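Asks: Shown below is the structure under consideration.
What follows is the structure, given as structure tokens:
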């Protein structure tokens, strides 16, 4: 008899609807997949692959899940507790107008925000053209030769610039100068970075820098242009004095102002850094925003971060690729120049397209309007009897106010935030959104009952009077056609669509990257990021205006603490690399507080992420590598020997769990106890937390510190390589040492310094993770982990008869031996039998419509596959079918049916243009090249370029804006 029972009201309310939609395989599909793997249930699979010793004793204590509409409504109520004010605080953050065509077609477009870091050049040509536009924009506006494709924020860019100057300059000094009018958050982050590296930071008034240098050495100095208080200095004498001492000059420059002012490169600066926030990215309480770093050509091979360059493809056509530093951390490890392995790609694309859309004339018009409004505001304030501290300015005035508190209160009453500059001065910063009414309201704030000036009397003749004549820009910028073509919305819309069509992102296909967890970024999670209550908030606004963000912080930290088992969390780190760095700083500070500051040895298994050793050296620790055994586990005998050898100096061990090899190591609790026995702390890299949530918590099985990648496990999109959020999580006795932000009045005496420019880092994307946890609940998150492990084991089971699995648990009850959330396919044996490499397989997958798995990491010659829980059985089967078909092609090479030097793998990817040529000189058909499986006839992604020549690109480094059409 069929079940005729009526559904309950709770079932009809369907609070777990999102949970079901987030998971790719439905229950029937899961049953089939479990059968294929050889287990009876998800729990049986978990029992087979997850060690009993690490499993949670109790479920996570999280709120019951809500449906999408209900979660959005609850978050809207939280957001409404923020106060959206007219912000005139400045300090590196400004209101901006995001052109609608950019908002809808980039920031809100999954073709852009779900893409991965463009390591695989052939399927990233659109993104990389956008990034090379960004690099060119930065070079043109700063007057320097080369720029990278973005940094995390202005403060960390300045810290990276400092260390670049230290290693690239010729000075042997260990002193660094920061001028007094540098943004305070930048100073704090620079100080945090300098301390463990043994760099002394001197704060010197810019007017006294030349005098200071006469009797003090330094290897570099950081100058703000214009300064915090608006003053525009001629930096040439200061830069000359630095150069006379063999030091390098770093200028933190406002790019909008650079359309009107002589750029840093023309003033003699060696390095420029700053933010592109005001180029179309909302303030978002501090981020994400794309910072920039530019330098002279002679320092290009020391430049940190990602750099897009021009190379050639297999057909001799020009193509873009990541150049030089593409995988620096994995190659150089503790000798890497930086631990940054991503960037702020999505905000960089927005900023670059802002410049493309407005062009040089449009940017200059915006800048002149800002400067003119500032001049009119200044004239009116003088007419009201107010005194200005500085006579030069672009967008910022510092006003003398004996009645400061009354002025601040009057401003708030009118819905305006001013900056408290000193005990008797306030700062006013204008921006692109400033109107005539804003100027009149500002006059009213300072009028003290006096009659307001007439706007009309100042409207003529002032223009940009605050800009020193000798510093007016005379050089052209953004002369390339790309910045002078797409100014109509129609042209811009088509340009953006054309770029997106060249790329592969999650909106088209599974991205099976091991260790990178390309999860679903649900639309309902993305909606809140552009709400004004989140987007139009200044990070240094008064605390009473940030109550919504405080609730968001508190709830998200509590929920993440439930997931990880840790007592305290800081959301400040704005990338996973920053979370690693912050976590190690906490460990270092704790040892120092115990009188054990001499402990500086960091043990790192040879299987570790490359950022781990790079982070360790950044905090002044010495890396000692420990071995792994033949099964991929940390070799405990070797670890024990290293612990005993370095017992008196052991600071920490950094492990990834599950390991980078995709394994739940069975003796991890023993490992943690061993390190603790010798006085060290255990850092558990949270990159693979997607395999733990709801099942095990590192804070409960021995970890002392972890960072999380919210852009992995908790659904913030990768955005082509950023934004990210890397919270640092710690056990109870380490909580007092979590990062401070003293320039915002946050932190204790024990806290380590700020690691990001804003107190809450990339705050604007935190609502994404809040929505994910709120809609999934404890059971949903646990199910996500279980299905992620199931999907990986299903792939391993299907492919185990065709490829060697490099590591598995060797569990006979699980087909494929049992893996965690990812599996490693070993292509090396096929290299011996067919000449086919892992790279060949990766490029051939493009012809099948897939982004490749992780190539040659953590083991050279392998492919690491991670499907995530959001991929359906159909998509998993499509991937497996492609891999099996590729194995058949390899078999044809092995059997002599295809030559080793002319086959579909060696020539992949195949472009449409190459297939349409009259001659086809290959030993296989065009049909085999283009449509190796029938499904591709219904939907086909065409690579826009052939295989890109990496060696040519590095030998012929060219990183300026050159759209491909100019070469073809």
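Numbering (the UniProt record's numbering), first residue to last: 1 to 968. The beta carbon of each residue, even a glycine, is placed where N, CA and C say it ideally should be. Here the structure is a predicted model, which means the values were calculated and not measured.
Could you tell me if residue 616 is buried or exposed, where buried requires 16 or more neighbouring beta carbons within 10 angstroms of its beta carbon?
Replies: Position 616 of the chain shown, counted from the start, is the residue given in the question as residue 616. Residue 616 is buried by the Cβ-count criterion.
Asks: Would you say the region 925 to 935 touches the region 898 to 910, given that touching needs at least three Cβ pairs under 8 Å?
Replies: Segments in contact, yes.
Asks: Starting from the Cα of residue 970, find the closest Cα among 871, 504, 700 and give me that residue.
Replies: The chain is shown from 1 up to 968; residue 970 falls before or after that span and cannot be answered.
Asks: Name the DSSP beta bridge partners of residue 653, please?
Replies: Mapped onto the chain shown, residue 653 falls at position 653. Partner(s): 603, 682.
Asks: Please classify residue 5 as buried or exposed, where buried requires at least 16 neighbouring CB atoms within 10 angstroms.
Replies: By 1-based counting over the chain shown, the position of residue 5 is 5. Residue 5 is exposed by the Cβ-count criterion.
Asks: Could you check where the alpha helix (DSSP H) with residue 881 kicks off and where it finishes?
Replies: In the chain shown, the residue the question calls residue 881 occupies position 881. Here the alpha helix (DSSP H) through residue 881 covers 873 to 894.
Asks: Have a look at the DSSP bridge pairing and note the partners of residue 1026.
Replies: With the chain running from 1 to 968 in the structure shown, residue 1026 is simply not present.
Asks: Grab the span of the alpha helix (DSSP H) containing residue 176 for me, first residue to last.
Replies: In the chain shown, the residue the question calls residue 176 occupies position 176. Here residue 176 belongs to no alpha helix (DSSP H); instead the beta strand (DSSP E) covers 175 to 179.
Asks: Could you have a look at residue 76 and say whether DSSP puts it in helix, strand or coil?
Replies: By 1-based counting over the chain shown, the position of residue 76 is 76. Reduced to three states, the DSSP call for residue 76 is helix.
Asks: Here's the rule: buried if 16 or more other CB atoms are within 10 angstroms of the residue's CB, otherwise exposed. What is residue 61?
Replies: Your numbering for residue 61 matches position 61 in the chain shown. That one is exposed.
Asks: Tell me whether the region 49 to 60 and the region 502 to 518 touch, counting them as touching only if at least three CB pairs, one residue from each stretch, are closer than 8 Å.
Replies: Segments in contact, no.
Asks: What is the DSSP secondary structure of residue 412, reduced to helix, strand or coil?
Replies: For the purposes of this step, residue 412 is taken as the residue at position 412 of the chain shown. DSSP places residue 412 in helix when its eight states are reduced to three.
Asks: Under the three-state reduction of DSSP, which class applies to residue 784: helix, strand or coil?
Replies: As a first step, residue 784 is located in the chain shown; it is residue number 784 there, counting from the start. Three-state DSSP puts residue 784 in a helix.
Asks: To the nearest whole angstrom, what separates the beta carbons of residue 788 and residue 869, a pair I think is in contact under 8 Å?
Replies: Here the question's residue 788 lines up with position 788 in the chain shown. Here the question's residue 869 lines up with position 869 in the chain shown. Indeed, because the Cβ distance is near 4 Å, the residues count as touching under 8 Å.
Asks: In chain order, which continuous runs of the alpha helix (DSSP H) of length 4 or greater are located wholly inside the region 347 to 418?
Replies: You should have 404 to 413.
Asks: In or out: residue 969 buried (at least 16 other Cβ within 10 Å) or exposed?
Replies: Only positions 1 to 968 of the chain appear in the structure, and residue 969 is not among them; the question remains open.
Asks: Can you say whether residue 815 is buried or exposed, counting buried as having 16 or more other CB atoms within 10 angstroms of its CB?
Replies: To locate residue 815, count along the chain shown from 1; it is residue 815. Buried, by the Cβ-count rule.
Asks: Note down the Cα distance separating residue 983 from residue 801, rounded to an integer number of angstroms.
Replies: Because the chain here runs from 1 to 968, residue 983 falls outside it and cannot be looked at.
Asks: For the region 98 to 133, which segments carrying the alpha helix (DSSP H) assignment without a break, of at least 4 residues, lie completely within its bounds, in sequence order?
Replies: 110 to 113, all fully within the region 98 to 133.
Asks: For residue 591, which three-state DSSP category applies?
Replies: One-based indexing of the chain shown puts residue 591 at position 591. The answer is helix: DSSP assigns residue 591 an H, G or I state.
Asks: In chain order, what are the residue ranges of uninterrupted beta strand (DSSP E) at least 3 long that sit wholly in the region 420 to 470?
Replies: Listed in chain order, they are 425 to 429.
Asks: Buried or exposed: residue 18, going by 16 or more other Cβ atoms within 10 Å of its Cβ?
Replies: Locating residue 18 in the chain shown gives position 18, counting from the first residue. Burial call: buried.
Asks: Exposed or buried, which one is residue 153 when buried takes at least 16 other CB atoms within 10 Å?
Replies: Position 153 of the chain shown, counted from the first residue, corresponds to residue 153. By the 10 Å Cβ count, residue 153 comes out buried.
Asks: Terminal residues of the continuous beta strand (DSSP E) containing residue 707?
Replies: Taking the first residue of the chain shown as position 1, residue 707 is located at position 707. Its beta strand (DSSP E) spans residues 705 to 708.
Asks: Do residue 398 and residue 230 have their beta-carbon atoms positioned less than 8 Å apart in this structure?
Replies: Start at 1 with the first residue of the chain shown, and residue 230 comes out as number 230. Start at 1 with the first residue of the chain shown, and residue 398 comes out as number 398. Cβ atoms of residue 230 and residue 398: closer than 8 Å.
Asks: With a cut-off of 8 Å, do at least 3 Cβ pairs link the region 522 to 540 to the region 684 to 701?
Replies: These segments do not touch.
Asks: Closest by CA to residue 569, which one among 587, 727, 664?
Replies: For the purposes of this step, residue 569 is identified with residue 569 of the chain shown, where counting begins at 1. Closest option to residue 569, Cα to Cα, is 727.
Asks: Measuring only the C-alpha atoms, how far is residue 945 from residue 304?
Replies: Translated into positions along the chain shown, residue 945 becomes position 945. Translated into positions along the chain shown, residue 304 becomes position 304. C-alpha separation (whole angstroms): 27 Å.
Asks: Given that a residue counts as buried once 16 or more other Cβ atoms are within 10 Å of its Cβ, and exposed if not, what is residue 224?
Replies: The sequence position of residue 224 within the chain shown is 224, counting from 1. The residue in question, residue 224, is buried, as its Cβ has 16 or more Cβ neighbours within 10 Å.
Asks: Where does residue 852 land, buried or exposed, given buried means 16+ other C-beta within 10 angstroms?
Replies: Taking the chain shown and counting its residues from 1, one reaches residue 852 at position 852. Buried, by the Cβ-count rule.
Asks: Can you say whether residue 904 is buried or exposed, counting buried as having 16 or more other CB atoms within 10 angstroms of its CB?
Replies: Translated into positions along the chain shown, residue 904 becomes position 904. Residue 904 should be labelled buried.
Asks: Relative to the alpha-carbon of residue 635, which residue among 604, 609, 460, 216 has its alpha-carbon at the smallest distance?
Replies: Locating residue 635 in the chain shown gives position 635, counting from the first residue. When each option's Cα is compared against that of residue 635, the closest is 604.
Asks: Considering only DSSP beta bridges, list what residue 291 is partnered with.
Replies: What you label residue 291 is simply residue 291 of the chain shown in a count that begins at 1. The partner list for residue 291 (beta bridge, DSSP) reads 151, 275.
Asks: Mark residue 704 as exposed unless 16 or more other C-beta atoms lie within 10 angstroms of its C-beta, in which case mark it buried.
Replies: As a first step, residue 704 must be located in the chain shown, where it is residue number 704. Result: buried.
Asks: Give the range of the beta strand (DSSP E) segment to which residue 831 is assigned.
Replies: In the chain shown, residue 831 corresponds to position 831, counting from 1. First-last for residue 831: 828 to 834, but that is the alpha helix (DSSP H), not the beta strand (DSSP E).
Asks: What separation, rounded to the nearest whole angstrom, lies between the Cα atoms of residue 15 and residue 120?
Replies: Position 15 of the chain shown, counted from the first residue, corresponds to residue 15. Position 120 of the chain shown, counted from the first residue, corresponds to residue 120. Looking at the two C-alpha atoms, the distance is approximately 39 Å.
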